[in-house]
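Residue numbers (our numbering): 1 to 485.
Think of the CB as a built atom: it goes at the ideal place given N, C-alpha and C, for glycine as much as any other residue.
Take a look at the structure set out below.
Below, the structure is given as structure tokens:
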């Protein structure tokens, strides 16, 4: 979550865009992304130059022959020159960086620089400089997108909700992607899951702060290990820029509707780890649904679950956010999806989340499913998350450290679940055997299994209550008489 100072600066930038004629929120987000990316290109180039000096390696600057495309250079141009220079020189340079066959170059062909006036560009530059984007980590950059998306009046129209970064982190830590694994997000949005998975792997392969990855391992991680798909062209571009800003020179982000492709872009049995919050509460026309799907349904949340099941390699694992209805829906398609997750996979965990997690976009109740492909389930670990560290209203204010929520508790007990083997169903977490779940028609809602412990309330005897009331009445009358005196 962003602090108030940064929020006010982003709001100020949004107001400038709005008054400057960029009233479409997605357009504003995209144009802001371009500016942030321009600044980060120079920051990353400077960082690599410093690293090269430290290691003694040769540094090939991204800006070789294009020094006037550096943020620090063009932002100091006079007002009468700056807009033309950025539109005609800097933006084409930014659009064409990378290898000749890179996906970034392919999808940036359609990109347009849309800031209409020099005054708006200068004001935007000043605000971004004031935000110190160079010092912000990937969480903050993700939150910048999220905060701007608050302006979307159509948020959630197609079931598209930005995933809070602390929920992404929790899911990545549960899945624990490794250096030699292939990772997928089939509906990646701004690539929050993929960025965090990448950072998780880098952090896990450090010793005393220094990377232990070989050049070959790092190249494979950067160029072959991470795939993302999204049907929205703007989100595809933002995802590409987001990954590139975090050090991946050649990201694999594809523009594709993965539920409708006649020739599947996502192959079966390929991915070791899938992390996703796919669009839900939506439906497709039957004619648009790919023939690869075997479950007869038009609901996107069920189709995405089957797609992820297909895409997982044997022993591959998936952490995915689903709407609560997936857990207990009584249609044949709902039941069949749950049966697949419980019989063809090992459903490791169902983490029920409070409805406020996706506010201000929606108050929809959701859960995280974690499953491993290829072996049947014997028992399922349920957890009732009651708080995620933020208030569950539209403001989503950070709670204090004492009441910071259940996320650390979830990670701790999930890791130790086999050793602990919890069976007390009055607690937040416990195991339920597959036999019982099957008997309940594959129902995965925690309310079906959790026992609520009611506290016995002891009331005073009626005679005692009557006596107390009469005594209180006498005291009131006595007090009124004393006031009259």
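Could you please give me the residues that DSSP links to residue i through a beta bridge?
i: residue 381; result: 349, 431
i: residue 369; result: 320, 350
i: residue 226; result: 183
i: residue 211; result: 206
i: residue 283; result: 299
Can you look up residue i in the DSSP assignment and give me helix, strand or coil?
i: residue 221; result: helix
i: residue 254; result: strand
i: residue 300; result: helix
i: residue 275; result: strand
i: residue 468; result: helix
i: residue 498; result: This structure leaves residue 498 out entirely; the chain is present only between 1 and 485.
i: residue 259; result: coil
i: residue 290; result: coil
i: residue 79; result: helix
i: residue 314; result: strand
i: residue 119; result: helix
i: residue 476; result: helix
i: residue 111; result: coil
i: residue 364; result: coil
i: residue 441; result: coil
i: residue 102; result: coil
i: residue 461; result: coil
i: residue 200; result: helix
i: residue 325; result: helix
i: residue 73; result: helix
i: residue 6; result: helix
i: residue 88; result: helix
i: residue 19; result: helix
i: residue 159; result: Note that residue 159 scores a pLDDT of 42, beneath 50, so its modelled location is shaky; the value from the coordinates is reported in the next line. Three-state DSSP puts residue 159 in coil, outside helix and strand.
i: residue 237; result: helix
i: residue 153; result: The predicted model places residue 153 with a pLDDT of 40, which falls under 50 and marks its position as unreliable; any figure quoted below should be read in that light. If DSSP states are grouped into helix, strand and coil, residue 153 belongs with coil.
i: residue 374; result: coil
May I have the straight-line CA-CA distance separating residue i from residue j, to the nearest angstrom?
i: residue 201; j: residue 19; result: 42 angstroms
i: residue 511; j: residue 196; result: Within the shown structure, residues of the chain are numbered from 1 to 485, placing residue 511 beyond reach of any answer.
i: residue 303; j: residue 204; result: 33 angstroms
i: residue 42; j: residue 241; result: 14 angstroms
i: residue 383; j: residue 348; result: 11 angstroms
i: residue 402; j: residue 389; result: Any reading at residue 402 must be qualified, since the residue scores a pLDDT of 47, below 50, and its modelled position is unreliable; the value itself is stated next. Each residue's alpha carbon lies about 10 angstroms from the other.
i: residue 269; j: residue 186; result: 14 angstroms
i: residue 25; j: residue 56; result: 45 angstroms
i: residue 405; j: residue 418; result: 23 angstroms
i: residue 53; j: residue 59; result: 8 angstroms
i: residue 445; j: residue 341; result: 14 angstroms
i: residue 51; j: residue 44; result: 10 angstroms
i: residue 174; j: residue 351; result: 11 angstroms
i: residue 159; j: residue 126; result: Because the pLDDT at residue 159 is just 42, under 50, the model does not fix this residue reliably, and the value given afterwards should be weighed accordingly. Roughly 35 angstroms between the two C-alpha positions.
i: residue 298; j: residue 345; result: 23 angstroms
i: residue 112; j: residue 377; result: 50 angstroms
i: residue 385; j: residue 326; result: 17 angstroms
i: residue 94; j: residue 188; result: 23 angstroms
i: residue 331; j: residue 306; result: 15 angstroms
i: residue 89; j: residue 69; result: 7 angstroms
i: residue 336; j: residue 228; result: 27 angstroms
i: residue 479; j: residue 366; result: 57 angstroms
i: residue 3; j: residue 468; result: 52 angstroms
i: residue 40; j: residue 373; result: 39 angstroms
i: residue 416; j: residue 74; result: 54 angstroms
i: residue 118; j: residue 30; result: 18 angstroms
i: residue 273; j: residue 35; result: 32 angstroms
i: residue 380; j: residue 61; result: 52 angstroms
i: residue 354; j: residue 450; result: 16 angstroms
i: residue 116; j: residue 235; result: 22 angstroms
i: residue 156; j: residue 413; result: With a pLDDT of 40 at residue 156, under the threshold of 50, the modelled position of this residue cannot be trusted; read the value that follows with caution. The alpha-carbon atoms of residue 156 and residue 413 are separated by roughly 32 angstroms.
i: residue 6; j: residue 169; result: 22 angstroms
i: residue 8; j: residue 129; result: 14 angstroms
i: residue 244; j: residue 368; result: 28 angstroms
i: residue 493; j: residue 22; result: Examination of residue 493 is not possible in this model, given that the chain is present from 1 through 485 alone.
Am I right that residue i and residue j are in contact with their C-beta atoms under 8 angstroms? What's the rounded C-beta distance?
i: residue 271; j: residue 407; result: About 25 angstroms; that fails the 8 angstroms criterion.
i: residue 114; j: residue 190; result: Not quite, the Cβ-Cβ distance comes to about 19 angstroms (not below 8 angstroms), so this is no contact.
i: residue 440; j: residue 448; result: 6 angstroms
i: residue 13; j: residue 32; result: 7 angstroms
i: residue 442; j: residue 338; result: 4 angstroms
i: residue 121; j: residue 83; result: 6 angstroms
i: residue 260; j: residue 238; result: With 8 angstroms as the limit, residue 260 and residue 238 do not qualify as a contact, their Cβ atoms being about 22 angstroms apart.
i: residue 321; j: residue 163; result: 7 angstroms
i: residue 254; j: residue 103; result: 7 angstroms
i: residue 222; j: residue 250; result: 7 angstroms
* To do: Note down, one range per segment and in chain order, each beta strand (DSSP E) of at least 3 residues found wholly within the segment 162-189.
  => Taking only runs of at least 3 residues, the beta strand (DSSP E) segments lying wholly in the segment 162-189 are 183-185.
* **Start-end ranges of the alpha helix (DSSP H) lying completely within the segment 29-64, minimum 4 residues** => Positions of the alpha helix (DSSP H) runs, each at least 4 residues long and wholly inside the segment 29-64, cannot be given because no such run exists.
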